[in-house]
Ligand code: GLU
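Now the structure itself:
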């Protein structure tokens, strides 16, 4: 009885691997082009760490005129959720990280190296498993779950390494004839890889991010095809990344310790291995302890959080690049107007250990991103967000012309205001420009309460003229200040504080509070221009008690 007979019995319909080798030729790319992929499992939840990986993978591919593709790894069908693929496809699209090839909906893909969903590639994996069986490098294992438990219990009791290897690999050396007989008798089995590795020998690996690492060889006879006919991640990874011509496998560093096994699989299958770049996870400082961002504990671990909060996608990407390459920040400072596509990202400059996620920093980045938008862009983004999450804001924004005027205050100039970090802040940021009846007046304590009404009255009667230019407007503030015994200039006041009640800044603060209900606002002159004559008169009247 030969291995060939065993292989034919197990996979009677599988094609020769030469068929697939021919079907997926080398990619026709320029020298140095990098082919990367994002290969998530469709578990119905996009983690910020997944977005981080996808961003890095796409950046590296684009920078080298390579290819970035999206492969869905759904071989663990127990974990799969409905719409899991769509969620991933949509998230990538939303963040402008669309793949050149790969899944575009739950069932469909685009590109010449597909299918791009592992459950649609069953016959390919079986062809390669058959090939390994023919070579005597894989075999059926008939262990029941109870037998596997028993093996584990014995290993634990003897305090030795767990797993299915060496003498513990019960069916590794089962004569082919016996295996054939068992299969013919209908016994259940899975397919295992027959490892030629030895645990006491080391392999050297150079990881693009982690650098040089040594590992013991893999000696585990891992499962390659499960009882449901689908492959395990390890086996599928080797075949897919070979056939799809991935040059760089960029993935989470939880897979680093699987590298010996993966290199071994590539070798036994006769494939050239890719380069590996293992990314450290994004961490969080939890009361002094550094831990991974957790799906369960941290809302910001989910990509949907950023959408709900209204943090622009570009800000999230900028921030993630900040974490990924520490020189990004300096580059950004030196090139405030450049697109992130122009940043020369280096995989090998990524940190070996996990960077800390810092929401304050992200929001700072976001403030800058939003400050660089035109009023029209802020408006459009805020409307889209409000339609989903805030009916009140949606309503405020109905009058587009007015909203754009409001959002234009201190925007589009050299030093735009950085006072919005997310769309969910827009309402609070502009509300006083809308509702003149709900303003609360809180004047600084330093201003004489008696003066307030008089200042407001006199301002409206004598000084206010909506058609004044800014200089005239400000000169009038000074005149008003003087009339009430306040210094015309802050400097004068500082030189001789006892001679004045305060200075012009205090006077304009009174007007500011009366008009906006706030002590802290953008440029008051611009605000008044947007509000217009009637509103100002009304607001000042309201404020006079
Ligand atoms: N499906 C694997 C995961 O989600 C992907 C690992 C890889 O990128 O190869 O962890």
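Residue numbers (the working numbering): 570 to 1114. Where a beta carbon is used, it is the ideal one built from N, C-alpha and C, also for glycine.
Residue nearest to residue 922 within the set 658, 676, 1020 and 860 is 860 (criterion: CA-CA distance).
Per the coordinates, the alpha-carbon of residue 651 lies some 14 Å from the alpha-carbon of residue 642.
Approximately 11 Å separates the beta-carbon atoms of residue 1028 and residue 1021; this is outside 8 Å, ruling out the contact. Boundaries of the beta strand (DSSP E) harbouring residue 858: 858 to 861, taken from the DSSP string. Assigned with DSSP and collapsed to three states, residue 600 falls in coil, not helix or strand. Contact annotation: residue 751 and residue 716 have beta-carbon atoms that are not nearer than 8 Å. Between the C-alpha atoms of residue 572 and residue 775 there is a straight-line separation of about 35 Å. Counting along the chain, residue 818 sits inside the beta strand (DSSP E) bounded by residues 817 to 821.
Sequence-distant partners of residue 961 (beyond 5 residues in either direction) whose C-beta falls short of 7 Å from its own C-beta, in its chain, are 996. The DSSP-derived three-state label of residue 670 is strand. Fully enclosed beta strand (DSSP E) runs of no fewer than 3 residues occupy 858 to 861 of the stretch 857 to 929, in order along the chain.
The beta carbon of residue 720 sits closer than 6 Å to those of 737, all from its chain and outside the five residues before and after it, given in chain order.
Taking C-beta atoms under 8 Å as the contact rule, residue 872 and residue 624 fail to qualify, at a distance of about 11 Å.
Take the alpha-carbon of residue 988 and the one of residue 662: they are about 28 Å apart. Judged by DSSP in its simplified three-state form, residue 846 adopts strand. The C-alpha of residue 837 lies about 16 Å from the C-alpha of residue 585. Here the alpha carbons of residue 695 and residue 941 stand approximately 53 Å from one another. At least one heavy atom of the ligand GLU sits closer than 7 Å to the Cβ of residue 818. In this structure, the CA atom of residue 990 is about 16 Å from the CA atom of residue 977. For residue 863, the distance from the CB to the nearest heavy atom of the ligand GLU is not below 7 Å. It is roughly 31 Å from the alpha-carbon of residue 958 to the alpha-carbon of residue 1081. In this chain, the alpha helix (DSSP H) harbouring residue 1093 covers 1093 to 1112. Nearest neighbour of residue 606 by Cα position, chosen from 587, 670, 593 and 804, turns out to be 670.
579 is the residue among 844, 912, 1062 and 579 whose C-alpha sits nearest the C-alpha of residue 698. The ligand GLU has no heavy atom closer than 7 Å to the beta-carbon of residue 870. Apart from the 5 residues on each side of it in sequence, residue 892 sits with its Cβ closer than 6 Å to the Cβ of 924 in its chain, given in chain order.
Among the bridge pairs identified by DSSP, residue 789 is matched with 734. Annotated three-state conformation of residue 708 is strand, per DSSP.
CA-CA distance, residue 1087 to residue 1095, rounds to 15 Å. Positions of the beta strand (DSSP E) runs, each at least 3 residues long and wholly inside the stretch 649 to 698, are given as 670 to 672 in order along the chain. In this structure, the ligand GLU has a non-hydrogen atom nearer than 7 Å to the beta-carbon of residue 806.
Here residue 1033 carries a coil assignment [DSSP, helix/strand/coil]. Taking 8 Å as the upper bound for CB-CB distance, residue 1109 and residue 1049 are not in contact here, some 13 Å apart.
If you compare the alpha carbons of 771, 1057 and 914 with that of residue 630, the shortest gap goes to 914. Inclusion of residue 926 and residue 853 in the CB contact set at 8 Å is warranted, their separation being smaller than that value. Bridge partners of residue 633 according to DSSP: none are assigned.
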